[in-house]
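*Asks:* Below are the structure tokens for one structure; questions will follow.
Numbering (the UniProt record's numbering), first residue to last: 1 to 374.
In structure tokens:
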């Protein structure tokens, strides 16, 4: 009861903000090119980055977009740079943010940029020539890139001045927004009912198999009525026609983080797990099926690694001399930033790739149609 009382002012602010931007006739900035916003209403942990990567793969594999200039615009959370920056694959996570850098390395042909001001960033992506004269572009280091034909906005659902052609919101199967609470007592950073504003709602981190009744029950918990697993359509609590899809996590084979990482260590059955993400439970559960986790170091999301952290990992390795060190793709970008990584860690440091995968062929086809048709 006390937590609800303490959260009431925050709730009122969010409610007022929602009403302000929902007024009829309110003007928004809309990109001149097709665009998709991928976001959530919680503070991390829903799998936005793997979803952005799935969107890019879907576009690149389509006849409609395979030869077009794709772009991703992110805020670049916790980066040290300012203003609009184009991300380069050999750059540092500290300058661009771990997630944008991860995306750029996986999709070198895609323009990836960061800008806290999403409207400004969107304008630069559509008109790169403006970087030569724009007063807000003086700090931009890499200005050469083609004008975007399609823009994916990473985590811009709360940036309501911007209106993408289509919006996608992700919710975690293990933590339905309908039963969550606002920060700091829960994980919600926005009103849970705002998930009903999205054109596409994706339930992530689902069990590998779900029957129609289980899908319908979960959709109902989110306030969605008339949901059909055959059409993947329903009506949100906001009265909006909504595509509802269910997806799971798929982990790949461990990959060496450094060129000097020795492949033989991946065959060790003992690991030390290092993770600085919102929730690493699914990763731990997966790895526990194949390895014995001798030690786990859990850090906050987007954690910047320090010597004290590296020393702890060194000590754990010396106690477990046959173990490997496993981490996430996001953490790998930040660990690569660390100057003077000890040889004993670098030679046995592996990252575990992650992808989002829909549960059925029907959902894969619906997703493709909704993305490619923009």
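Heads up, the beta-carbon is just placed ideally off N, CA and C, and yes, glycines get one too.
Starting from residue 275, follow its DSSP beta bridges and name the residues at the other end.
*Replies:* Note: residue 275 sits in a beta bridge opposite 298.
*Asks:* Does the count of Cβ pairs from the stretch 333 to 348 and the stretch 23 to 38 closer than 8 Å reach three?
*Replies:* Counting Cβ pairs under 8 Å, fewer than three are found: no touch.
*Asks:* Is the distance from the Cβ of residue 118 to the Cβ of residue 145 below 8 Å?
*Replies:* Cβ distance not < 8 Å, so residue 118 and residue 145 don't count as in contact.
*Asks:* Enumerate in chain order the residues of its own chain whose CB-to-CB distance from residue 159 is below 6 Å, with the five nearest sequence positions on each side excluded.
*Replies:* The answer, listed in chain order, is 118.
*Asks:* Straight-line CA distance for residue 31 to residue 124?
*Replies:* Spanning the two alpha carbons is a distance of roughly 11 Å.
*Asks:* In the DSSP output, which residue or residues are listed as bridge partners for residue 251?
*Replies:* According to DSSP, which records beta bridges pairwise, residue 251 is partnered with 354.
*Asks:* Considering only heavy atoms of the ligand NAD, does any lie closer than 7 Å to the CB of residue 52?
*Replies:* The ligand content of the structure shown is nil, which means the ligand NAD is not present either.
*Asks:* At which residues does the alpha helix (DSSP H) containing residue 289 begin and terminate?
*Replies:* First-last for residue 289: undefined, no H or E at that position.
*Asks:* Determine the direct distance from the alpha carbon of residue 17 to that of residue 96, and round the result to whole angstroms.
*Replies:* If you take the alpha carbons of residue 96 and residue 17, they lie about 29 Å apart.
*Asks:* Extract the residue ranges of the alpha helix (DSSP H) inside the stretch 106 to 130, only unbroken runs of 4 or more that lie entirely within it.
*Replies:* DSSP runs (the alpha helix (DSSP H)) wholly in the stretch 106 to 130: 118 to 126.
*Asks:* Relative to the C-alpha of residue 236, which candidate in 372, 88, 78 and 199 has its C-alpha closest?
*Replies:* For the residues 372, 88, 78 and 199, the minimum Cα distance to residue 236 belongs to 199.
*Asks:* With 16 other CB atoms within 10 Å as the buried threshold, where does residue 225 fall?
*Replies:* By the neighbour-count rule (16 or more Cβ atoms within 10 Å), residue 225 is not buried but exposed.
*Asks:* Answer yes or no: do residue 273 and residue 293 have a C-beta to C-beta separation smaller than 8 Å?
*Replies:* Yes, they are a contact pair.
*Asks:* Rounded to a whole number of angstroms, what is the C-alpha to C-alpha distance between residue 67 and residue 254?
*Replies:* In a straight line, the C-alpha of residue 67 is about 31 Å away from that of residue 254.
*Asks:* Can you check DSSP and say which residues form a bridge with residue 270?
*Replies:* Its beta-bridge partners are 292.
*Asks:* Which residue or residues does DSSP assign as beta-bridge partners of residue 168?
*Replies:* DSSP lists 38 and 200 as partners of residue 168.
*Asks:* Give the secondary structure of residue 152 by DSSP, where H, G and I count as helix, E and B as strand, and everything else as coil.
*Replies:* Three-state DSSP puts residue 152 in a strand.
*Asks:* Beta-carbon separation of residue 270 and residue 320 under 8 Å?
*Replies:* A contact, by the Cβ cut-off of 8 Å.
*Asks:* Count the other CB atoms within 10 Å of the CB of residue 208; is the residue buried (16 or more) or exposed (fewer)?
*Replies:* Counting Cβ neighbours within 10 Å, residue 208 comes out exposed, since fewer than 16 surround it.
*Asks:* For residue 78, which residues in the same chain have their Cβ closer than 6 Å to its Cβ, ignoring the five residues on either side in sequence?
*Replies:* Contacts found: 302.
*Asks:* May I ask you to list the residues that DSSP assigns as paired with residue 71?
*Replies:* Looking at the DSSP assignment, residue 71 forms a beta bridge with 111 and 151.
*Asks:* Quick check: the Cα distance between residue 13 and residue 297, rounded to an integer number of angstroms?
*Replies:* Approximately 37 Å, taken between the alpha carbons.
*Asks:* For the alpha helix (DSSP H) that residue 329 lies in, which residues bound it at each end?
*Replies:* 329 to 337 is the span of the alpha helix (DSSP H), which, as asked, contains residue 329.
*Asks:* Less than 8 Å between the beta carbons of residue 257 and residue 222, yes or no?
*Replies:* Result no, Cβ atoms of residue 257 and residue 222 do not sit closer than 8 Å.
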